[in-house]
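Residue numbers (this note's numbering): 392 to 683.
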């Protein structure tokens, strides 16, 4: 609409002269009065980018105060990628792969990415957002496992003959599932906590050091919980420590290799978001999920 681009005072004067001077008839004067009122309404309106024109006396095009609990597009993208990596780790973990002479689960390909994202979120947005992201990933992963187990338990169609393969992927044993969930929560929260505390101690410096140390401690806690709970009595006891050690070494090495990329991502996100959180006076209670 172009009404607001015309100076309204000249139009008011022109229309007043038409009415006052009797240039138009009585009937047309009534119509013209209606046009004047409508025109004045439009000219006094304030343009809004989303809703068109709003009258100034009744509505104000004020900017809404940003809610402290709102999240940005970048945070949403990282959250989606975080959840996808956790779910993929469950699926790929059903296959054993060989790296050189070392046997590991296929989940090693993507699971360390979840720790990288954890580091990025803790560094940029702080422990509160990392805590929310960890619980979100837990809920999404739990939902995936439950729905997969439910589908696996439902009898297959008579003409479908791939039940064994489906069961191998989605028929996760309750013991392994429980160990996986517990290990994930403990390891992820340790990772986020170490990142937060070391950032305060170093006053924001030495991101590389805290990213590596937080990953080592987080991965160690994850392995120390998962492997004994999931494989005690299945894998020989003498082999468990070596299996845990190699998992920690390989996952940490993975993160060190991609650390230059992680640093670039963190730097760019800080610039775009305009945020560099320091967790002063933060409650580290892991159950305060929505305190973000």
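Even glycine gets a Cβ: it sits at the ideal position worked out from N, Cα and C.
Keep in mind the model is a prediction, meaning the values are calculated, not measured.
Buried versus exposed call for residue 584 [16 or more other C-beta atoms within 10 Å across all chains shown]: On the chain shown, position 193 is the one that residue 584 refers to. Label assigned to residue 584: buried.
Cβ pair count under 8 Å reaching 3, the region 511-529 against the region 581-595: yes
Whole-number beta carbon distance between residue 661 and residue 667, since they are thought to touch under 8 Å: Position 276 of the chain shown, counted from the first residue, corresponds to residue 667. Position 270 of the chain shown, counted from the first residue, corresponds to residue 661. 5 Å between Cβ atoms; contact.
Same chain, Cβ closer than 7 Å to residue 567, five either side skipped, listed in chain order: Here residue 567 refers to the residue found at position 176 of the chain shown. Answer for residue 567: 621, listed in chain order.
Segments of 4+ residues assigned as alpha helix (DSSP H) that fall wholly inside the region 587-635: 598-622
C-beta contact flag for residue 614 and residue 509 at 8 Å: Residue mapping note: residue 614 aligns to position 223 of the chain shown, counting from 1. Residue mapping note: residue 509 aligns to position 118 of the chain shown, counting from 1. No.
Burial state of residue 507, where buried means 16 or more other Cβ atoms lie within 10 Å: For the purposes of this step, residue 507 is taken as residue 116 along the chain shown, with counting starting at 1. Classification for residue 507: buried.
Beta carbon of residue 563 nearer than 8 Å to that of residue 544: Your numbering for residue 563 matches position 172 in the chain shown. Your numbering for residue 544 matches position 153 in the chain shown. It is not a contact, given that the beta carbons lie outside the stated cut-off.
Own chain partners of residue 591 with C-beta closer than 8 Å, once the 5 adjacent residues on each side are dropped: Here residue 591 is taken as the residue at index 200 of the chain shown, counted from 1. Cβ within range, chain order: 669, 670, 671.
Chain-order list of residues whose beta-carbon lies under 7 Å from that of residue 500 (same chain, five-residue window excluded): Reading the chain shown from its first residue, position 109 is the one you call residue 500. Around residue 500: 483.
Any alpha helix (DSSP H) of 4 or more consecutive residues that is wholly inside the region 462-512: 464-483
Exposed unless 16 or more other CB atoms sit within 10 angstroms - verdict on residue 616: If you number the chain shown from 1, residue 616 lands on position 225. When all chains shown are included, residue 616 counts as buried.
Closest Cα partner of residue 479 within the set 466, 533, 491, 597: Numbered from its first residue, the chain shown carries residue 479 at position 88. Answer by Cα proximity: 533.
Identity of the residue in 558, 643, 519, 522 nearest residue 538 by Cα: The residue given as residue 538 occupies position 147 in the chain shown. Nearest of 558, 643, 519, 522 to residue 538, Cα basis: 558.
Exposure label - residue 602; buried when at least 16 CB within 10 Å: The residue labelled residue 602 in the question sits at position 211 within the chain shown. With 16 or more Cβ atoms within 10 Å of its Cβ, residue 602 is classed as buried.
First through last residue of the alpha helix (DSSP H) which encompasses residue 525: Within the chain shown, numbered from 1, the residue matching residue 525 stands at position 134. Start and end: 518-544.
Check whether residue 505 and residue 473 have beta carbons under 8 Å apart: To locate residue 505, count along the chain shown from 1; it is residue 114. To locate residue 473, count along the chain shown from 1; it is residue 82. Yes, these two residues count as a Cβ contact at 8 Å.
Buried or exposed by the 16-neighbour rule on C-beta atoms within 10 Å, applied to residue 678: Translated into positions along the chain shown, residue 678 becomes position 287. So residue 678 ends up on the exposed side.
Straight-line Cα distance separating residue 492 from residue 682: Position 291 of the chain shown holds residue 682. Position 101 of the chain shown holds residue 492. One C-alpha to the other measures close to 46 Å.
Reduced DSSP secondary structure (H/G/I, E/B, other) of residue 443: Here the question's residue 443 lines up with position 52 in the chain shown. With a pLDDT of only 45 at residue 443, under 50, the local geometry of the prediction cannot be trusted, and no value is derived from it.
Residue 575 and residue 529 closer than 8 Å at C-beta: In the chain shown, the residue the question calls residue 575 occupies position 184. In the chain shown, the residue the question calls residue 529 occupies position 138. The answer is yes: Cβ separation under 8 Å.
Status (buried if at least 16 other CB within 10 Å, exposed otherwise) for residue 600: Locating residue 600 in the chain shown gives position 209, where the first residue counts as 1. With fewer than 16 other Cβ atoms within 10 Å, it is exposed.
Which of helix, strand or coil DSSP assigns to residue 578: Taking the chain shown and counting its residues from 1, one reaches residue 578 at position 187. The answer is helix: DSSP assigns residue 578 an H, G or I state.
Assigned exposure category for residue 645 - 16 Cβ within 10 Å defines buried: The count along the chain shown starts at 1 and reaches residue 645 at position 254. Buried is the call here.
Nearest to residue 571 (by Cα), restricted to the options 555, 595, 597, 536: To locate residue 571, count along the chain shown from 1; it is residue 180. Per the Cα distances, 536.
Nearest-angstrom Cα separation, counted from residue 573 out to residue 519: Within the chain shown, numbered from 1, the residue matching residue 519 stands at position 128. Within the chain shown, numbered from 1, the residue matching residue 573 stands at position 182. Spanning the two alpha carbons is a distance of roughly 20 Å.
For residue 549, three-class secondary structure by DSSP: Here residue 549 corresponds to residue number 158 of the chain shown, with the count starting at 1. It is coil, neither helix nor strand.
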